[in-house]
Structures are given as C-alpha cells and as structure tokens.
Amino acid sequence: MGKPTGFLEFERKNNSTRSPLERIKDFSEFHPQLSKEDREQQGARCMNCGVPFCQSGMMLESGFTGCPLHNLIPEWNDEIYSHNWENALSRLLKTNNFPEFTGRVCPALCEAACTCGLDSDPVTIRENELAIIENGYKQGYIKPRIPKVRTDKRVAVIGSGPAGLTVADMLNQRGHNVTVYEKEDRVGGLLMYGIPNMKLDKKIVNRKARLMAHEGIRFIVNTDVGRDVSVQELMDNYDAIVLCCGAKQPRTLNVSGMDANGVYFAVDFLTSVTKSLLNSNLQDKKCVSASGKNVVVVGGGDTGNDCVGTCIRQGCNSVVQLEMMEPLPKTRSKNNPWPQWPKVLKTDYGQEEAIAVFGKDPRVYCTTVKNIIADESNNIKQIVTVELKWERNPETGRFSPVEIEGSEKVLDCDLLLIAAGFTGCEEYVSQEFEVETTERNCIKTGKGSYKTENPKVFAAGDARKGQSLVVWAIAEGRECAKEVDRFLMGYSNMI
Ligand SMILES: Cc1cc2nc3c(=O)[nH]c(=O)nc-3n(C[C@H](O)[C@H](O)[C@H](O)COP(=O)(O)OP(=O)(O)OC[C@H]3O[C@@H](n4cnc5c(N)ncnc54)[C@H](O)[C@@H]3O)c2cc1C
Ligand code: SF4
12 MGKPTGFLEF ERKNNSTRSP LERIKDFSEF HPQLSKEDRE QQGARCMNCG VPFCQSGMML
72 ESGFTGCPLH NLIPEWNDEI YSHNWENALS RLLKTNNFPE FTGRVCPALC EAACTCGLDS
132 DPVTIRENEL AIIENGYKQG YIKPRIPKVR TDKRVAVIGS GPAGLTVADM LNQRGHNVTV
192 YEKEDRVGGL LMYGIPNMKL DKKIVNRKAR LMAHEGIRFI VNTDVGRDVS VQELMDNYDA
252 IVLCCGAKQP RTLNVSGMDA NGVYFAVDFL TSVTKSLLNS NLQDKKCVSA SGKNVVVVGG
312 GDTGNDCVGT CIRQGCNSVV QLEMMEPLPK TRSKNNPWPQ WPKVLKTDYG QEEAIAVFGK
372 DPRVYCTTVK NIIADESNNI KQIVTVELKW ERNPETGRFS PVEIEGSEKV LDCDLLLIAA
432 GFTGCEEYVS QEFEVETTER NCIKTGKGSY KTENPKVFAA GDARKGQSLV VWAIAEGREC
492 AKEVDRFLMG YSNMI
C-alpha cells in the first residue's frame with residue numbers, strides 16, 4: 012500500500028493547468044505534470060482500503076463503477092510511493108495497453124469510486140497512471156517487444172481506433188500476423204481525428220503507432236474496407252477478421268435548412284481542424300474555420316465541449332452551446348451515492364475558456380434548434396431556438412421533451428456544429444460483411460462474445476458497444492483478442 016497515513020497527511024494535488032486565456036493561444040496540451048517527488052506523495056495517498064472499488068469495474072444499480080480494465084491501481088500507487096517506477100510500469104501494462112491515452116483522456120471512473128473520495132478528495136489515479144507511462148518512455152523502459160515466435164495465422168483488423176489498436180497489439184504479441192486497415196490517412200481513430208490535440212497530442216498517438224509497427228503490425232492507411240478493398244479478398248486472405256470500425260454515424264437534426272453552408276457535424280469539423288494542424292500548422296486554410304463567426308454548438312456533452320474549445324482557439328466571435336436536458340445538480344443527489352459515477356454538473360475545459368473569454372457559461376439548457384435561416388446563397392445566418400419542458404408519459408413512465416409555445420428566439424449564427432450524439436456504425440461495413448446489427452445499429456455479436464454470426468468475423472469497441480469511451484474500447488479489444496486467439500489456436504494462453 013501507499014503510506015498508511017498518507018491520506019491523512021497529504022492533500023490531493025493535481026497537475027497544474029495553464030490559464031484559459033493563455034492556453035487558447037495554441038492547440039497544445041495544457042496540463043504540465045507534477046514533479047516526481049510530488050507524484051510519489053500522491054501515490055502515498057492510496058490507503059489500501061481492503062476493497063478497492065477503484066479497480067472493481069462493475070455494474071452498481073443502473074451505472075458502471077470503477078475501472079473497466081481492472082487496473083491494479085493500489086499496487087502501482089504503492090510502487091510509485093516506494094520509488095519503484097519500473098515495477099509500477101510493469102503492473103500498469105499488465106492490464107492497460109495504452110495508459111498514455113487513458114492517462115490523458117479517461118474520465119477516471121476509478122476516481123469516482125476511490126474510497127478516499129467518500130468524504131475527501133480521491134487519489135489522483137489518472138494522473139498517476141500518466142506519470143508512470145510517461146516516465147517509462149523518458150527512462151527508456153518502453154522498448155519494442157518483438158515476438159520471438161510467429162504462428163502462421165493471419166488476422167485483419169478493420170479500424171485503427173483504440174479498440175483496433177488493442178486487438179492488434181494483443182494478437183501481435185501472441186505471435187499472430189496482424190494487418191490493420193484504416194480508411195483515414197493516419198492511424199488512431201477518434202484518438203487522432205476526434206479528440207482535439209489539446210486533450211491528446213497527436214505525437215503521443217504516432218509514438219505508440221510507430222512502436223507497434225516496429226513490433227511487427229502492418230498498418231495500411233487510406234484504405235476503406237468494403238470500398239477500396241473487397242470483403243471477399245479479406246475473407247480469402249485472413250484466418251480471422253475483427254471489425255473495430257467505430258460508431259461515428261452522427262445523429263442529425265430534423266429541421267429544415269440542414270443543407271445550408273456552415274452546418275457541420277462535430278467530428279467532421281474537429282477532423283478538419285486536426286488535419287490542418289498536422290499537415291500545415293493551420294497554414295493550408297483547409298479546415299472549417301470559426302474565426303470571426305457566431306457559433307452555435309448543438310449538444311451539451313463532451314463532443315460539444317471539444318467544439319467550443321476548438322472554436323475559441325480559432326477566434327470565434329461568440330459561442331453558444333445548446334443542451335436539451337436540464338442542468339445536472341452541483342452535488343450528488345441522494346439516489347446517486349458513492350461509489351456510483353457522480354451525475355453532477357461539470358464545467359469542462361472548453362466551457363471554462365468560454366467563461367474566461369466571453370464572461371459567461373456558453374451552455375443554454377432545455378433548448379433546441381427549431382429552424383435554420385439561410386441567405387439567398389444558402390449560407391446560414393441565423394437559427395430559431397425553442398425552449399423545452401420534460402413531461403412524463405403516464406403510460407410508459409418515460410420523460411420526453413415538449414416545446415414551450417412562444418419561447419422561440421432568433422440567434423445570429425454563421426457556423427452551426429451538430430454534436431447531438433451518434434446513431435451507430437456506418438451501414439456499408441455491416442452490409443458488406445453480411446453481419447447482423449442491433450436495434451442501436453451496432454454490430455451484433457453472441458451474448459458475452461465478440462463473434463458475429465459470420466464464423467471468422469469478430470467485432471469490438473464502439474462498433475459493437477455503441478459510442479463510448481477509450482477505456483471501454485481497450486477493455487473490449489482485450490477480451491475480443493482472447494476470443495480470436497481461442498478461435499485460431501483452439502485454446503488461449505492470453506490473460
Ligand atoms: C469528439 C470526441 C471526443 C471524445 N473524447 C473522449 C475522451 O475525452 N475520453 C474518452 O474516453 N472517450 C472519448 N471519446 C470517445 C472515444 O474516442 C471512442 O469511444 C473510442 O475512440 C472508440 O474506439 P474504437 O476503436 O471503437 O472506434 P474509433 O476510435 O471510432 O475508430 C474506428 C476507426 O475505424 C475506421 N474505419 C471505419 N470504417 C472503416 C472501413 N470500412 N475501413 C477502414 N477503416 C474504417 C475509422 O476511420 C476509425 O479510424 C470521444 C469521442 C468523440 C467523438
Ligand atoms: S483507465 Fe481510466 S478508469 Fe481505469 S484506472 Fe486509468 S483513469 Fe481510472
């Protein structure tokens with residue numbers, strides 16, 4: 012364990028944060044890490060509580076609590092407190108293929124379940140994880156692990172997001188011959204084109220992809236499976252195929268004017284900005300720009316927040332974020348006790364930046380878009396919003412939004428970004444592979460299994476689960492890889 016009395020002696024100390032007005036001048040990460048000594052002290056706060064809910068990863072009531080990867084959190088906290096950083100790394104990598112990603116972008120389900128958090132501040136688990144892996148790179152502990160023995164089995168992974176990368180990593184380490192197909196020009200899925208650079212620097216994604224290529228994984232980019240390469244060709248050439256294509260089909264708005272110039276889906280917008288940043292440091296002017304524009308983001312969630320942060324960096328004139336739901340409470344409600352995930356209002360980095368620049372929170376609740384107004388050249392100029400109230404249907408018991416008559420308002424808007432969620436996979440992939448989909452338009456697999464009804468086709472990550480989190484994509488990828496290995500070898504020694 013960490014220091015037995017550490018949680019009484021030391022307060023939680025987070026990585027520092029560049030101020031909002033400073034960090035909006037660039038697209039760089041903005042959380043410089045604590046010194047090693049401070050970090051070891053944070054490890055000391057872990058209290059070896061006997062039942063480490065942090066690593067439990069289980070359903071509790073209607074929500075999930077703890078780390079889905081069952082990361083060995085108390086062990087590595089103890090190792091860093093005891094200055095054994097290399098041991099900490101080895102324990103961390105036992106359960107997590109990509110702590111350099113989760114350490115940056117995971118919402119830290121573990122911390123919400125940390126016993127220290129019951130009546131004080133939880134241990135800085137996510138930042139400790141990040142410090143361990145980054146120290147590993149710095150000290151040269153991370154080296155290519157080239158498998159000594161290869162099987163004769165060939166596996167194709169479709170999609171290079173965290174699920175596809177995990178499947179590829181696991182099966183490559185087992186000795187199988189893995190090829191990853193990616194339709195984008197760079198590897199990483201939403202880690203590359205989705206999550207903005209200030210949250211996850213793309214150098215970090217490239218660093219890991221390079222290492223994996225060195226270890227023997229073949230990456231083929233700019234190749235859309237089902238269009239550029241036929242499914243039959245893959246079926247003929249591989250012993251197993253794993254669909255990790257994500258669930259990026261965006262939910263649209265049922266309003267007129269969606270075809271106006273200046274209306275974009277959030278991921279298309281974010282992708283264009285990251286591409287321009289990586290290709291030309293934003294000099295090629297090829298991205299969608301919010302510069303000087305009045306921006307409205309539809310969707311109050313994390314993707315919407317990423318759009319707010321990006322628009323502010325581009326120098327927008329104003330930004331409003333519309334949310335259909337009511338705001339969450341500021342503190343846990345009685346029916347949402349620890350260690351459940353806290354359903355409370357958080358002000359994320361983009362919203363903090365909007366407050367710093369424009370003096371107010373960009374979020375407007377219980378409001379949606381009713382109509383889009385474009386000029387004679389079909390350029391968006393304004394939107395009509397309407398307020399909503401949530402009414403319970405006495406028959407189904409479910410709440411649904413009802414427009415409040417007369418609450419319409421007109422907002423100036425030159426750029427409308429739709430971050431209203433996702434509706435599953437792109438259909439052509441499931442159609443081409445002739446695999447069934449669920450009612451949520453995700454790829455259907457057997458119960459508790461990653462196998463589709465096509466005997467050598469498997470699925471993992473968002474493509475199977477629906478739009479979720481990086482940590483879940485990794486968890487799915489690990490379990491799926493074991494099943495693929497059993498399928499290929501008749502048994503699996505992967506743990
Ligand atoms: C804007 C945004 C921000 C997010 N921020 C966070 C965050 O901060 N923290 C967090 O935990 N989660 C976050 N998420 C969610 C997280 O990124 C996803 O849950 C995760 O990336 C899913 O991984 P995946 O591998 O299943 O799919 P994806 O990451 O979507 O990758 C799928 C890949 O498959 C490729 N592909 C699809 N079809 C084909 C084909 N036919 N041929 C070849 N390639 C194909 C796609 O191009 C893509 O690269 C965010 C999501 C979005 C949209
Ligand atoms: S992966 Fe996420 S939930 Fe798991 S230990 Fe790391 S930060 Fe916590």
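Our numbering applies: residue 12 is where the sequence shown begins, and numbers increase by one. All C-beta atoms in this analysis are idealised placements derived from N, C-alpha and C, irrespective of residue type, glycine included.
Cβ distance (whole Å) where residue i is taken to contact residue j below 8 Å
i	j	result
V319	G361	3 Å
D196	V253	Contact doesn't hold; Cβ gap of about 21 Å is too wide.
N139	P158	Their Cβ separation, rounded to whole angstroms, is 30 Å, which puts N139 and P158 out of contact at 8 Å.
C125	V482	Rounded, the Cβ-Cβ distance is 16 Å, inconsistent with contact.
N108	I485	6 Å
G472	A174	2 Å
T285	Y204	6 Å
V375	V330	Wrong, their Cβ atoms sit about 11 Å apart, outside the cutoff.
G186	R161	5 Å
Sequence-distant residues of its chain with Cβ nearer than 6 Å to residue i (five each side left out)
i	result
A179	V168, V189, V191, I228
A431	R262, V309, G310
G68	G77, C78, P79, H81
S503	K493, D496, R497
L339	K354, V355, L356
A123	W352, P353
V198	S171, A220, F230
L32	A367
L100	I143, G147, Y152
P350	F64, T76, A124
Nearest candidate by alpha-carbon position, reference residue i, set the options
i	options	result
V306	T106, G128, L426	L426
E490	P43, G54, R23, T106	T106
S93	K154, Q66, A119, I143	I143
E398	K381, F41, F410, K213	K381
I394	V198, V266, R451	V266
C424	M246, L281, G147, N328	N328
L222	Y152, P118, S73, K345	Y152
G488	E226, C256, V240	C256
C453	T358, P338, K286, Q260	Q260
C377	K400, L288, E138, L356	K400
L288	T162, V242, Q325, L104	Q325
D89	G114, L104, E51, L71	E51
E363	R409, N316, E406	N316
F276	K194, T314, Q44, L104	T314
N146	C65, L103, Y461, V375	L103
V368	I323, N404, V468, S344	I323
E447	F433, R23, E464	E464
N272	K47, E387, G459	E387
G6	I215, K14, H187, M70	Residue 6 lies beyond the stretch modelled for the chain, which goes from 12 to 506, so this question has no answer here.
A470	T177, D163, L141	T177
P348	K210, L129, S479	L129
Range covered by the beta strand (DSSP E) that runs through residue i
i	result
M181	Careful: M181 lies outside any beta strand (DSSP E), inside the alpha helix (DSSP H) at 173-184.
K400	391-403
L339	It is not in any beta strand (DSSP E) - L339 carries neither H nor E in the DSSP assignment.
L422	420-423
V306	305-309
E414	410-414
T379	378-385
I231	229-231
S329	329-333
L428	426-429
Neighbourhood of residue i by C-beta, 7 Å cutoff - its chain only, sequence neighbours within 5 removed
i	result
C127	F18, R56, M58, P133, V134
Y439	G237
R451	G435, G477
E414	V397, L399
K304	C327, N328, D425, L426
P466	none
Where the alpha helix (DSSP H) through residue i begins and ends
i	result
F21	Note, F21: premise wrong, no alpha helix (DSSP H); not H, not E.
I366	360-369
V468	It is not in any alpha helix (DSSP H) - V468 instead sits in the beta strand (DSSP E) that spans 468-470.
L499	481-500
I323	313-325
L222	213-225
S441	438-444
D250	From DSSP, D250 is part of no alpha helix (DSSP H); its letter is neither H nor E.
Residues of its chain near residue i, where Cβ-Cβ distance is below 8 Å and the 5 sequence neighbours each way are ignored
i	result
I384	G268, I391, K392, Q393, I394, V395, V421
K371	A365
> What residue ranges within the region 37-121 form continuous beta strand (DSSP E) runs of no fewer than 3 residues, ordered along the chain?
Replying inline: Restricting attention to beta strand (DSSP E) runs no shorter than 3 residues, the region 37-121 encloses them at 69-71, 74-76, ordered along the chain.
> Hey, which unbroken runs of the beta strand (DSSP E) at 3 residues or more fall wholly within the region 128-207?
Replying inline: Listed in chain order, they are 165-169, 188-192.
> Which residue spans inside the region 255-305 form an unbroken beta strand (DSSP E) run of at least 3?
Replying inline: Runs of the beta strand (DSSP E) spanning 3 or more residues and lying entirely within the region 255-305 occur at 274-276, in chain order.
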